[in-house]
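Protein chains: 2
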Amino acid sequence: MTTGKQMILGMHLGNGYGSQSSAWRAPGVDPANYTSFDAQVRYAQAAERGKFAFLFLPDFLGEQADLTRESLMITLEPMMTLAAIARETKRIGLVATGSTTFNEPFNIARQFKALDVMSHGRAGWNAVTTSDPVAAANYGRAIAPRPERYQRAHETIQIAQALWGSWGRDAWVKDTKTGYFADPAKIQPVNLQGEYVASRGPLSIPPSEQGQPVIFSAGGGGNGAELAGRYASGVIGAVFTIEDSRNQREALREAARRAGRDPDEVKFFAGVMPAIGATKREALDRRVALGELATPARVPYLGAMLNLPATLNVSQLDEPLTPAQLAVASPSPFDPRSVRALEVAREGWTIRDILAHGVIDYHPTPVGTASVTADHMQEWFEAGACDGFWVSIDINEDGIDTFVEEVVPLLQERGLYHEDYEGTTLRDHLGAPAQYGLDPRIAAPAE
Amino acid sequence: MTTGKQMILGMHLGNGYGSQSSAWRAPGVDPANYTSFDAQVRYAQAAERGKFAFLFLPDFLGEQADLTRESLMITLEPMMTLAAIARETKRIGLVATGSTTFNEPFNIARQFKALDVMSHGRAGWNAVTTSDPVAAANYGRAIAPRPERYQRAHETIQIAQALWGSWGRDAWVKDTKTGYFADPAKIQPVNLQGEYVASRGPLSIPPSEQGQPVIFSAGGGGNGAELAGRYASGVIGAVFTIEDSRNQREALREAARRAGRDPDEVKFFAGVMPAIGATKREALDRRVALGELATPARVPYLGAMLNLPATLNVSQLDEPLTPAQLAVASPSPFDPRSVRALEVAREGWTIRDILAHGVIDYHPTPVGTASVTADHMQEWFEAGACDGFWVSIDINEDGIDTFVEEVVPLLQERGLYHEDYEGTTLRDHLGAPAQYGLDPRIAAPAE
Ligand SMILES: Cc1cc2nc3c(=O)[nH]c(=O)nc-3n(C[C@H](O)[C@H](O)[C@H](O)COP(=O)(O)O)c2cc1C
Ligand SMILES: Cc1cc2nc3c(=O)[nH]c(=O)nc-3n(C[C@H](O)[C@H](O)[C@H](O)COP(=O)(O)O)c2cc1C
């Protein structure tokens, strides 16, 4: 149990609609929002009213959706989106995903530090290794083997951090009386030469209010934990059960310890994708309406999750599983969401409603009134499964406000969530220690 | 003579201070403006009040100034700066410099098209080849030979343009009634494979109000003209005399003709860096005050320009050239600014005042009341030297307003400059033809 502490929240921002792929056509949503920076700013401001620590923008460099009926899931371009938001918000952190494989360290270091200065110390970089061959093809390449990608990731992050520190904290004299602009002795090249990337520097950007951007990470597996353990202050998790989340968090904390850091320096965020309504039925109906197009295609997938591939089909959409089906159903070991799916099926819901429970969505979906979501978050947090959540909203247009107006006050009443921002920078919001340049505790990556 | 036409103006934006390297310490200037996005937005809005067609942001990836007493000359990062400005201006075009050598085509295409959408059709990309070894070192590389850099530039621009067109103009159905989001048949890969760069695509960004960003170019020489002739709608020139400017403009127009384009599609912008005061003495005094620190170091340079290296020295700073010096002075053939320098010297100004005439600045400097600047611009424009100017202001804080309030009305009275924006996009402001995707008239670069 994590007593006395409070959870930290991040808000997922993507395509301008919401995290359900048919949110673009929901009532009250402008279907042109994919290109609307006004909409993104509005959602960011709503999350800021809820005192969220940060916005999290995923990024996939070769997102391939079938766009016939579903929208893309990511924003046009995360840095431009966050630049717009930076100017029109005051406190919320701004975390964009950037690939270590398909960016030059100098370019990524420069843009993120510029965003950090622009936002007065609120930028974070979710450094991902990118494993998608479709993304690689957009750069005329193939995906390199994992060891190479992770080696390059270590080098890219270290070079970026070194560049961030290359303009010394007090190098900028700017004294109009004496005429001294800067102290060149405090602005020095970094001269880092890795196996895959290199940079001379310096990067001519003075420190932001938080010094330099915060590193986030979202990779899984041993390599991912190792990377996060060394550099990350926040980790975006993909977990479906408390047990799994606790294990991932522990692995991450252990990796931080191995890197010589205090494990509390790395916060682990579990995903949550609430379905909120005045009643459970209303919460389900909101999802049913959204799922209208996608639902039939998902029935075979649900069948596979329940080990019923042959018998589950679309004709049964508005009926519950038969007693015969329930008797033989079992959770597929290949999908961590299967246990929950079977649980819901056993409660007797129709197949349409089982799917409306979000059992094959990307995150756990508490379904019902706001207190169901608050309960879910409390349970996970108190079980030590996470340090907070990244919240994915079905339809941003009204859903962020609902979360902020209904769930946030419950968490506050229960003492689980802050009443207001205590600091002004992303580092403050995360409780991340000060850092400028490389972390002296982190050894260079094994060569 | 270019009759009936009106000149087009661009405003140079750099470091947040102005184009004189000691502007950071001028009275009324906040010396912290290098990191102030508020200041950049304020200057952009001032230029917009003057109905400028575009802002032009140079970029050097390894800017190396001696920062002891002089500031950097460029913004922290041009895309972030323009993103901020995009949200807080309405009409002015936004042209950022981006290297074709040190950017991936997919990344640059994506960011510029996102900026274009964000600004409702006002983005331009000044595509430069980057020849500076210090810049290359920031990417762990050496500068490649010119043919390779230009081949890569052709490939990068073509891939970017193809990606811009890869989301078909009418691919985005977004019909909430039928549930069709997009027509995938109209969103197709580009599959371009160059010698140095390649991309598959598509790029998932719908058209902006101007379709796609406009290409600018700033390179000189035959390779530069060839690149600009094929792709550019605007060329940022560096010229010191009407004759030189006319020649460069003609070479550019000829290159456009060779590429199968109408030469009027490419606008050539000469630089101008006005020194404006209520009297000529006041205009000079503003420059004298700014030059306080830099002036002594410039005396030997002036000596070399006048072929007087041995006799011209700092002790003579507040005296004019002696008759003996004037008798033997001649313009150095190695610096196109020397003719003007000698002309000013012969007028009898002190060496301090000769330098205050801007004779070794980066652009021609008309010195005196606003009408002197207006006369200069009229003379160049009517001589067919250029299609307009990119204006560099000594101190942005008050200098942009001065230009807008004093020079602009004179140009308008003379019928040389528009009273207001006629269109809403950068393409409108430049009179550039519609384009989406590759220009079908431009053949692939010679392979
Ligand atoms: C919750 C979560 C979010 C992720 N978000 C992104 C993302 O936005 N962009 C991306 O390219 N990869 C993202 N990833 C993928 C990982 O960074 C990583 O590339 C992937 O797990 C493949 O692992 P590998 O690089 O070890 O092969 C995410 C992963 C997780 C678990
Ligand atoms: C007026 C003018 C402005 C320029 N601005 C930039 C700039 O902002 N950034 C840059 O890297 N190069 C700039 N250049 C340099 C050219 O793009 C080009 O790299 C340079 O002329 C070297 O030529 P080369 O590539 O043919 O060797 C500028 C050139 C001129 C004439």
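If you read the protein sequences in the order shown, they are chains A and B. With the working numbering as the guide, the letters of the first sequence map in order to residues 64 to 510. With the working numbering as the guide, the letters of the second sequence map in order to residues 64 to 510. The C-beta atom is built at its ideal place from N, Cα and C for all residues, glycine as well.
Legend entry - Beta-carbon proximity check, serine 267 of chain B vs leucine 139 of chain A, cutoff 9 angstroms: Contact: yes.
Inset, instruction - Have a look at glycine 73 of chain B and phenylalanine 279 of chain B and give me their C-alpha separation to the nearest angstrom. - result: Cα to Cα, the separation comes out at about 12 angstroms.
Inset, instruction - Check the Cβ of isoleucine 268 of chain B against every Cβ in chain A and list those closer than 7 angstroms, keeping chain order. - result: By Cβ distance, chain A contributes Leu139.
Legend entry - For methionine 64 of chain B, the three-state DSSP class (helix, strand or coil): Because methionine 64 of chain B sits at a pLDDT of 39, beneath the cut-off of 50, its placement in the model cannot be relied upon, and the point is left open.
Inset, instruction - Round the Cβ separation of glycine 297 of chain A and leucine 493 of chain A to the nearest angstrom and send it over; I've been treating them as touching at under 8 angstroms. - result: Yes, glycine 297 of chain A and leucine 493 of chain A are in contact; Cβ-Cβ is about 6 angstroms, under 8 angstroms.
Inset, instruction - Please decide whether tyrosine 243 of chain A counts as near chain B, where near means a Cβ-Cβ distance under 9 angstroms. - result: True, the Cβ-Cβ gap to chain B drops below 9 angstroms.
Inset, instruction - Could you tell me whether the region 208–216 of chain B touches the region 245–254 of chain B, where touching means 3 or more Cβ pairs closer than 8 angstroms? - result: Short answer: they don't touch.
Legend entry - Same chain, Cβ closer than 6 angstroms to proline 270 of chain A, neighbours up to 5 away in sequence not counted: These residues qualify, in order along the chain: Arg232.
Inset, instruction - Verify the contact flag: proline 252 of chain B, CB atom, against every heavy atom of ligand 2, threshold strictly below 8 angstroms. - result: Every heavy atom of ligand 2 is 8 angstroms or more from the Cβ of proline 252 of chain B, so no.
Inset, instruction - Inspect the beta-carbon positions of phenylalanine 117 of chain A and valine 180 of chain A and report whether they are closer than 9 angstroms. - result: It is not a contact, given that the beta carbons lie outside the stated cut-off.
Legend entry - Inter-stretch contact (C-beta, 8 angstroms, three-pair minimum) for the region 126–145 of chain B and the region 136–152 of chain A: Yes, the region 126–145 of chain B is in contact with the region 136–152 of chain A.
Inset, instruction - For chain B, find out if any of its Cβ atoms is closer than 9 angstroms to the Cβ of leucine 124 of chain A; answer yes or no. - result: Chain B has a Cβ within less than 9 angstroms of the Cβ of leucine 124 of chain A.
Legend entry - glutamate 533 of chain B classed as buried or exposed, judged by whether at least 16 other C-beta atoms fall within 10 angstroms: An answer regarding residue 533 of chain B cannot be provided, because it is not within the stretch 64 to 510 covered by chain B.
Legend entry - Check: arginine 212 of chain B C-beta below 8 angstroms from any heavy atom of ligand 2: Yes, since a heavy atom of ligand 2 falls inside the 8 angstroms radius drawn around the Cβ of arginine 212 of chain B.
Legend entry - Beta-bridge partners of glycine 77 of chain B, as assigned by DSSP: Note: glycine 77 of chain B sits in no beta bridge, so no partner.
Inset, instruction - Would you mind reading off the limits of the beta strand (DSSP E) that contains asparagine 189 of chain A? - result: Residues 186–191.
Legend entry - Coil, strand or helix - alanine 509 of chain B by DSSP: Reliability fails at alanine 509 of chain B, whose pLDDT of 44 lies under 50, so the model's placement of it is uncertain and the value that follows must be treated cautiously. Here alanine 509 of chain B sits in coil by DSSP.
Inset, instruction - Establish whether the CB of glutamate 317 of chain A and some CB of chain B are separated by less than 9 angstroms. - result: No, glutamate 317 of chain A lies away from the interface with chain B (no Cβ there is under 9 angstroms from its Cβ).
Inset, instruction - Could you tell me how far apart the beta carbons of valine 277 of chain B and alanine 495 of chain B are, in whole angstroms, since I believe they sit closer than 8 angstroms? - result: Their Cβ separation, rounded to whole angstroms, is 6 angstroms, which keeps valine 277 of chain B and alanine 495 of chain B in contact under 8 angstroms.
Inset, instruction - Flag leucine 130 of chain B as yes if its beta-carbon sits less than 9 angstroms from any beta-carbon of chain A, otherwise no. - result: So, interface residue.
Legend entry - Euclidean distance between Cα positions of aspartate 129 of chain B and leucine 135 of chain B: When rounded, the distance between both Cα atoms is 8 angstroms.
Legend entry - Under 7 angstroms from the C-beta of arginine 514 of chain B: neighbouring residues of chain A: Any question about residue 514 of chain B goes unanswered here, given that chain B covers just 64 to 510.
Inset, instruction - Note down the Cα distance separating serine 434 of chain A from phenylalanine 331 of chain A, rounded to an integer number of angstroms. - result: Whole-angstrom Cα-Cα distance: 23 angstroms.
Legend entry - Sequence-distant residues of its chain with Cβ nearer than 7 angstroms to glycine 113 of chain B (five each side left out): Excluding sequence neighbours, glycine 113 of chain B sits near Phe466, Val467 and Val471.
Legend entry - Own chain, CB closer than 6 angstroms to serine 182 of chain A, minus 5 neighbours either side, in chain order: Correct list, in chain order: Ala149 and Leu157.
Inset, instruction - Look at alanine 437 of chain B and arginine 477 of chain B and say whether their C-beta atoms are less than 9 angstroms apart. - result: By the CB criterion at 9 angstroms, alanine 437 of chain B and arginine 477 of chain B fall inside the cutoff.
Inset, instruction - Please look up how many angstroms separate the CB atoms of threonine 192 of chain A and arginine 173 of chain A, rounded, as I've assumed it's under 8 angstroms. - result: Between threonine 192 of chain A and arginine 173 of chain A the beta-carbon gap is near 21 angstroms, outside 8 angstroms, which marks them as no contact.
Inset, instruction - Below 6 angstroms CB to CB, which residues in the same chain sit around glutamine 83 of chain B once its five sequence neighbours on both sides are set aside? - result: Excluding five sequence positions before and after glutamine 83 of chain B, the CB atoms of its chain that fall closer than 6 angstroms to its own CB belong to Leu353 and Asp457, given in chain order.
Inset, instruction - Taking only runs that begin and end inside the region 149–179 of chain B, name each unbroken beta strand (DSSP E) of 3 or more residues, in chain order. - result: The region 149–179 of chain B is shown to contain whole beta strand (DSSP E) runs of 3 or more residues at 156–162, in chain order.
Legend entry - Three-state secondary structure (DSSP) of proline 383 of chain B: Per DSSP, reduced to three states, the secondary structure at proline 383 of chain B is strand.
Inset, instruction - Taking 8 angstroms as the threshold, find out whether the region 400–420 of chain A comes into contact with the region 369–383 of chain A through three or more Cβ pairs. - result: Three or more beta-carbon pairs separated by less than 8 angstroms link the region 400–420 of chain A to the region 369–383 of chain A, which places the two stretches in contact.
Legend entry - Minimum Cβ-Cβ distance from asparagine 189 of chain B to chain A less than 9 angstroms: False, the Cβ-Cβ gap to chain A never drops below 9 angstroms.
Inset, instruction - Answer yes or no: the CB of threonine 144 of chain A versus the heavy atoms of ligand 2, is any distance below 8 angstroms? - result: Outside the cutoff, so no.
Legend entry - Under 7 angstroms by beta carbon: chain B residues contacting proline 247 of chain A: Think of a sphere of 7 angstroms around the beta carbon of proline 247 of chain A: the chain B residues whose beta carbon falls inside it are Asp129, Leu130 and Thr131, in chain order.
Inset, instruction - Note down the Cα distance separating arginine 409 of chain A from aspartate 238 of chain B, rounded to an integer number of angstroms. - result: Going from the Cα of arginine 409 of chain A to the Cα of aspartate 238 of chain B covers about 38 angstroms.
Legend entry - Beta-carbon spacing of valine 335 of chain A, tryptophan 453 of chain A below 9 angstroms: Contact flag set, yes.
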